[in-house]
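Protein chains in written order, with my numbering: chain A, 99 to 1028; chain B, 1017 to 1178.
This is the structure in structure tokens:
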């Protein structure tokens, strides 16, 4: 296919999308003259280019569509019939373009029916304004106008003096279309429009050849000719020319790049990252300062370069949003509803690969909101809402992720219907439902075969979709959260990673071979040698009991048919990695988790791409090649694709956190105000019969997973009651204990700011949530009650407090540190860090980002010290320069280290902790000297 | 598990240009094949090999060649001959085929031969089908019959996937 045609297709696809969105907007807003002009221009541009490329069928069709749009522009009313006719035509153009892209030529056949329809509408429009002498029909001149490329530059003024009539003959045009009047303003406008649109920056290079062709084309309009002589001079004035300016400004500083070129740059950068990693690995144990400093610079620059290239691949989510207005319009018509669509953040950018992947899930969610969420106008008026419902789609970029929210102001999810359906489908019993929070119940709609629509419409309600939505989003490492308020509406929040090209992964070892396992599907890793978790054989299949859940589990070595290594030791396969794919939770056993690394995902070559267990391969820091396990494939290899019982909910951790918000359990304990506790602190919520709670030695005890577990009352006046009692199982360091409360009120997602520090034991402080005062429970206090200091395990993990406002770094560093045996408490701000000190302390060391939103890292370090923190603190910076090292020393910090200097960071932490343990007071300075 | 890197012996072969109609004589277990010089990118000794579990048996594994992942294929296994160990240090020819980078493990890479069209002979009719598909033609050279390696067939694993 020639280059011109390809460029035309790429452009037209965008223009067509834009046009249909604008037509829908125009229907609602018929007074917006600018809008209809813009639509007219879009269609006209396509028509013009079609003519130039000799695409007769497309040209004829767009010509008639344009005529009808022309009528609207001249004041005809945009009746639904007219708009529908135009939209149908636009659809047909899309179909033709699609065929054209596939085959390289226009499909056979004609569109006489469609054209007839358009003509009828034109006639109606014109009939309506019979008084108007001028035929609304677009004069032929516009069609035959010299092709857009003839004159490179746009005319300086959008409304120049009249132009001589254009040539009379145009082969593609039916005779009946011969214009009755000379070219008018409209012709000129159209000419300006198509010239402008055609003037695509990259084409500038082609201008010479195109101009040559232009000379052979029919004589261009004199005004255009005049400009032709001085195209460069015309440019600035054209840019200023009112409506022209917008398109101009955009065009001036962008160029179109072939995707392959971009892919190649991306690949080269990936190679560079790998080489950098290898270099770092090589010099890890060398103390050569002359090498370290340039290497660090290389490291930083590579990261920056990678970032810059990633950005170049980004495209605005507008590409997905643009087809929504049309969809909503059609839905509203089909369903007899009134729906407004509001989109926000359409300029948010996302990797182009991901844009294509989220299109379907997003479309489905919007459909769902319109279909299930928004009520009929009558119903809305009855409950005092405006007749027209609103579906709001907004995208925002936050901390290395994209959040897309789809919200409606409809009726919200019907919890009773969901419950009924859940029981009917057998996914939960009535008793289980009783104990579940509303949110947990809402989440059932993501289960396969779940649809509560009583009436199956052709829009949605066939029970396929929500599960697929969730699976698709999870497959790309994202998550879906859902909130709903009865009568007020529902909101879906999609979290999507910025790119798929680079992903954090666990490097696991099985039978002497290493594999990379993408972290997004890993829920947790469980040691199997402790005795608490054992693999059992149930009817020949391996099963792991993990807390409540019964998980299918398989040996990675067996699934991949790996030959056992010669010197197989007893310690082999002592680790179960729990993963979740869609609705399935399952485990695989491996020999060890060797490392956590950011890997550059490369697709497999054709000869191995059929292996479903692997999604690609990558090169690790040491240069060795590892295969990337495909969680989906592993899931299938376990034979899981059929059964949908996986009870993923139980192993789902705090994946639903949104921004700075925390999921909190809101409960009553004692007579005071309601209490809250972060859900992440609670391992399980148990309902315990009073008979099961025993008293011994002044302490309450209950049987839990085969052992006696101590229970403490969450407040002094909480008593064991007859019948069922609610106990939170808290497991701070693998040693669980119970917290007896009165009743759970709710599970909420709120930003928690502890405002008033409490002096009452067991309470961190008071906070305000939804206008009510609540108290945040201090878990550390209860740990002390259950297990006095001396009893705590000596060889406990070193605990680190990690304070960084960027969730990306927080998660990345935390996973690295956890992989190296540290226990990490994360905080996103100075205030959170300070409160973590209160309720999650003590710590062995703190890592503090020097640039926090609320307070400078150095200042925070001083404040924490004043608050009694005696542990060493390490400053985190993008890059540890001398200035930072100096400032950190001045603030009494133990050192500073760059966020990407993993090895140095680990060394520094170890050194700090050791030194602290040795009770030495000397300030240690490691890290990098720039 | 220490990693061993691949070592390049000859490079930039494709661009040498001097012997466009030249053929490398490559040897595996007593068999000699001609391989067009234009197809060969690199001759190197492979480093650590990562096995590809479940993949075609003739694929030894994946190898890092200067930061690029190449699929190592044993020509011996391909031809149904007694397989080599295929470990680090094996001699390999870097060939790109349909945009996938391959390393073809061979015993020996010999001289560059210049073959002309007059040397071509009809395929001997009695060669087994399994072997014959790996030859794209036969040439008489220095009193010997030299089959030319059919690279397309060697790297086409579509039959091995099931």
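Note that the Cβ used here is the ideal one computed from N, Cα and C, for glycine as well.
I need the straight-line Cα distance from residue i to residue j, nearest angstrom please.
i, j, result
"residue 646 of chain A", "residue 658 of chain A", "29 Å"
"residue 363 of chain A", "residue 407 of chain A", "7 Å"
"residue 117 of chain A", "residue 479 of chain A", "33 Å"
"residue 359 of chain A", "residue 1054 of chain B", "25 Å"
"residue 86 of chain A", "residue 859 of chain A", "No information on residue 86 of chain A is available, as it lies outside the stretch 99 to 1028 that chain A covers here."
"residue 594 of chain A", "residue 792 of chain A", "48 Å"
"residue 1018 of chain A", "residue 986 of chain A", "Annotation note: pLDDT 40 at residue 1018 of chain A (below 50); position unreliable, coordinate value reported separately. Between residue 1018 of chain A and residue 986 of chain A, the C-alpha separation is close to 19 Å."
"residue 219 of chain A", "residue 1114 of chain B", "53 Å"
"residue 354 of chain A", "residue 410 of chain A", "11 Å"
"residue 148 of chain A", "residue 503 of chain A", "38 Å"
"residue 914 of chain A", "residue 499 of chain A", "19 Å"
"residue 471 of chain A", "residue 506 of chain A", "6 Å"
"residue 1137 of chain B", "residue 1158 of chain B", "14 Å"
"residue 955 of chain A", "residue 1010 of chain A", "18 Å"
"residue 1052 of chain B", "residue 1072 of chain B", "25 Å"
"residue 543 of chain A", "residue 454 of chain A", "24 Å"
"residue 842 of chain A", "residue 993 of chain A", "45 Å"
"residue 674 of chain A", "residue 736 of chain A", "14 Å"
"residue 140 of chain A", "residue 188 of chain A", "11 Å"
Looking at the structure shown, is residue i part of a helix, part of a strand, or coil, going by DSSP?
i, result
"residue 991 of chain A", "coil"
"residue 404 of chain A", "helix"
"residue 484 of chain A", "coil"
"residue 790 of chain A", "helix"
"residue 1040 of chain B", "strand"
"residue 438 of chain A", "strand"
"residue 459 of chain A", "helix"
"residue 587 of chain A", "strand"
"residue 928 of chain A", "helix"
"residue 920 of chain A", "coil"
"residue 977 of chain A", "coil"
"residue 454 of chain A", "helix"
"residue 415 of chain A", "coil"
"residue 490 of chain A", "strand"
"residue 953 of chain A", "coil"
"residue 1114 of chain B", "coil"
"residue 1057 of chain B", "strand"
"residue 836 of chain A", "strand"
"residue 213 of chain A", "helix"
Per the DSSP calculation, residue i is bridged to which residue(s)?
i, result
"residue 1080 of chain B", "B:1085"
"residue 70 of chain A", "The shown model of chain A, from 99 to 1028, leaves out residue 70 of chain A, and the question about it has no answer."
"residue 897 of chain A", "A:921"
"residue 678 of chain A", "A:683"
"residue 1180 of chain B", "Since the first and last residues shown for chain B are 1017 and 1178, residue 1180 of chain B lies out of range."
Under the rule that 16 or more other beta-carbon atoms within 10 Å means buried, what is residue i, buried or exposed?
i, result
"residue 1040 of chain A", "Outside the shown range of chain A, which is 99 to 1028, sits residue 1040 of chain A, and nothing can be said about it."
"residue 1160 of chain B", "exposed"
"residue 231 of chain A", "For residue 231 of chain A, the pLDDT reaches just 40, beneath the cut-off of 50, and the residue's location in the model is therefore unreliable, although a value from the coordinates is still provided. Classification of residue 231 of chain A: exposed, given that the 10 Å Cβ count is below 16."
"residue 607 of chain A", "buried"
"residue 624 of chain A", "buried"
"residue 1000 of chain A", "buried"
"residue 970 of chain A", "buried"
"residue 689 of chain A", "buried"
Give me the residue from the options with the minimum Cα distance to residue i.
i, options, result
"residue 1120 of chain B", "B:1082, B:1143, B:1074, B:1068", "B:1074"
"residue 825 of chain A", "A:128, A:991, A:785", "A:785"
"residue 395 of chain A", "A:996, A:209, A:783", "A:996"
"residue 691 of chain A", "A:722, A:880, A:610, A:728", "A:610"
"residue 1133 of chain B", "B:1140, B:1148, B:1145, B:1153", "B:1153"
"residue 652 of chain A", "A:644, A:529, A:454, A:633", "A:633"
"residue 447 of chain A", "A:589, A:495, A:171, A:910", "A:495"
"residue 1097 of chain B", "B:1140, B:1050, B:1044", "B:1044"
"residue 1166 of chain B", "B:1156, B:1174, B:1148", "B:1148"
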